[in-house]
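Report on the structure given below.
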Amino acid sequence: MAGKKVVVVGHGPIGHAFIEKLAEREAGFEITVVCEEPRPAYNRVMLTQYFLDCDGDKHDQMKLSYWSEEDLKSKNVKLVYGRATSIDRDNKSVSYSKVSHGGSSVDEDTDSLQYDILVLCTGSFCFVPPTPGFVLPEKKNPQWPDDPASRPEGVFVYRTIEDLEALIAAAKNSKRAAVIGGGLLGLEAAKAVYDLEMESHVVEMAPYLMPTQLNQEGGKALERKISSLGIHVHSGAKIQEAVLDGGKVKGLKFIPNGETEPIVLD
Ligand SMILES: Cc1cc2nc3c(=O)[nH]c(=O)nc-3n(C[C@H](O)[C@H](O)[C@H](O)COP(=O)(O)OP(=O)(O)OC[C@H]3O[C@@H](n4cnc5c(N)ncnc54)[C@H](O)[C@@H]3O)c2cc1C
Numbered sequence: 001m002a003g004k005k006v007v008v009v010g011h012g013p014i015g016h017a018f019i020e021k022l023a024e025r026e027a028g029f030e031i032t033v034v035c036e037e038p039r040p041a042y043n044r045v046m047l048t049q050y051f052l053d054c055d056g057d058k059h060d061q062m063k064l065s066y067w068s069e070e071d072l073k074s075k076n077v078k079l080v081y082g083r084a085t086s087i088d089r090d091n092k093s094v095s096y097s098k099v100s101h102g103g104s105s106v107d108e109d110t111d112s113l114q115y116d117i118l119v120l121c122t123g124s125f126c127f128v129p130p131t132p133g134f135v136l137p138e139k140k141n142p143q144w145p146d147d148p149a150s151r152p153e154g155v156f157v158y159r160t161i162e163d164l165e166a167l168i169a170a171a172k173n174s175k176r177a178a179v180i181g182g183g184l185l186g187l188e189a190a191k192a193v194y195d196l197e198m199e200s201h202v203v204e205m206a207p208y209l210m211p212t213q214l215n216q217e218g219g220k221a222l223e224r225k226i227s228s229l230g231i232h233v234h235s236g237a238k239i240q241e242a243v244l245d246g247g248k249v250k251g252l253k254f255i256p257n258g259e260t261e262p263i264v265l266d
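Numbering (UniProt numbering), first residue to last: 1 to 266.
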């Protein structure tokens, strides 16, 4: 196996765990990881901790990190920032594009890597419901469901450090935030926007919070508890659209539980 080229696509928690185990073996693999995010893998499960690690405008990202760029280098793992775009199985090569992280999509700047073994650790992406206004149809990117450029200004997902940084920046000029989904992550996000001093609303289509984990009684008890903290809960809501103005979100239109007419949360 010595000298074999292992290319890992995706440097999330699983890509990291795989590389860590492979490096431990000291089997002489030439390991390269193609990392789409602008930093090495970090503990995504602890993402919300990022808010607590804020110190003014300085955020300590390393608290969430597994290995730094230097750690990877010291383990002879080559880190390539980019997004894998195609695999040529006959020639055993994978092409990738350099990703620009200013909120736009993939650059034209491409390169490729030869591999003996290719491991895809590309994980998951946020499910964005097909509700009008959540994504700009003309900017939808079939190659990249999480492409930030496909979303209207003011619409975020909750998955990466960049998502949180964008949220923190937007909070400086916003008064109110609606979080779609009253599951575990939705409630984490609702607490986060509350801590960012925005009026925080959770809009859940099920009749009570955390419908996957709780029964109605438990979900309603949780709703009372969350409401008593100052977070507004709208369960049983039928979301109709995000109201946009010039590519920017202005409100959320939904029919509250038991009502027939929609309201707009500005
Ligand atoms: C806020 C939050 C809290 C969570 N809490 C929990 C929890 O309590 N318990 C739990 O079990 N799970 C939790 N999860 C889910 C958990 O984070 C995921 O299951 C885990 O991150 C999966 O790891 P992964 O490496 O497989 O995928 P991902 O974390 O999705 O990482 C995949 C990586 O591959 C990159 N990638 C994708 N395509 C390409 C490409 N073409 N080229 C290059 N790179 C690419 C992505 O950008 C990403 O960096 C939570 C998730 C979030 C967002």
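We put the CB at the ideal spot given by N, CA and C, even for glycine.
Phe-51 versus Glu-188 - alpha carbon distance:
11 Å
Count the other CB atoms, across all protein chains shown, that sit within 10 Å of the CB of Ala-46; report buried if there are 16 or more and exposed otherwise.
The sequence given here places Met at residue 46; Ala does not occur at that position. It counts as exposed.
Output needed for Gln-216: all residues of its chain with C-beta closer than 8 Å, excluding positions within five of it in sequence on either side, in chain order.
Pro-207 and Tyr-208
Check for me: the beta strand (DSSP E) holding Ser-200 runs from which residue to which?
199-204
Using DSSP's beta-bridge definition, name the partner residues of Cys-35.
Tyr-81
Does DSSP classify His-232 as helix, strand or coil?
strand
Below 6 Å CB to CB, which residues in the same chain sit around Asp-57 once its five sequence neighbours on both sides are set aside?
Low confidence applies to Asp-57: its pLDDT is 47, below 50, so where it sits in the model is not reliable, and the reading given next is rough at best. None.
Output the distance between the C-alpha atoms of Val-94 and Glu-36, rounded to the nearest integer angstrom.
14 Å
Helix, strand or coil for Ala-237, going by three-state DSSP, please let me know.
coil
Give a single yes or no on whether Glu-162 has its beta carbon closer than 7 Å to a heavy atom of ligand 2.
Among the ligands present in this structure, namely ligand 1, ligand 2 is not found.
Per DSSP, cross-strand counterpart(s) of Phe-254
Ile-239 and Ile-263
In three-state DSSP terms, what is Arg-176?
strand
Looking at the structure shown, is Tyr-208 part of a helix, part of a strand, or coil, going by DSSP?
coil
Ordered along the chain, which non-local residues of its own chain (more than five positions away) have a Cβ less than 7 Å from that of Ser-104?
Reliability of the predicted coordinates at Ser-104 is poor, the pLDDT of 46 falling under 50, and the value obtained from them is presented with this limitation in mind. Around Ser-104: Ala-149.
Leu-120 lies in the alpha helix (DSSP H); which residues open and close that run?
Unbroken run through Leu-120 is the beta strand (DSSP E), 117-120; no alpha helix (DSSP H).
I want to check one thing, is the minimum distance from the CB of Tyr-158 to the heavy atoms of ligand 1 below 7 Å?
yes
Is the Cβ-Cβ distance between Val-203 and Val-179 less than 8 Å?
yes
Three-state secondary structure assigned by DSSP to Asp-71
helix
Is Leu-185 a contact residue of ligand 1, with contact defined as CB to any heavy atom under 7 Å?
yes
Range covered by the beta strand (DSSP E) that runs through Lys-98:
93-99
Tell me, please, which residues DSSP counts as bridged to Glu-30.
Lys-5
When every heavy atom of ligand 1 is checked, does at least one fall within less than 7 Å of the C-beta of His-234?
no
With three or more beta-carbon pairs closer than 8 Å as the criterion, would you say the segment 25-43 touches the segment 83-99?
yes
Ala-41 - containing alpha helix (DSSP H), residue span
Note, Ala-41: premise wrong, no alpha helix (DSSP H); not H, not E.
Quick check: what's the CA-CA separation for Lys-238 versus Glu-70?
49 Å
Proximity below 8 Å, CB of Gly-3 to CB of Glu-20
no
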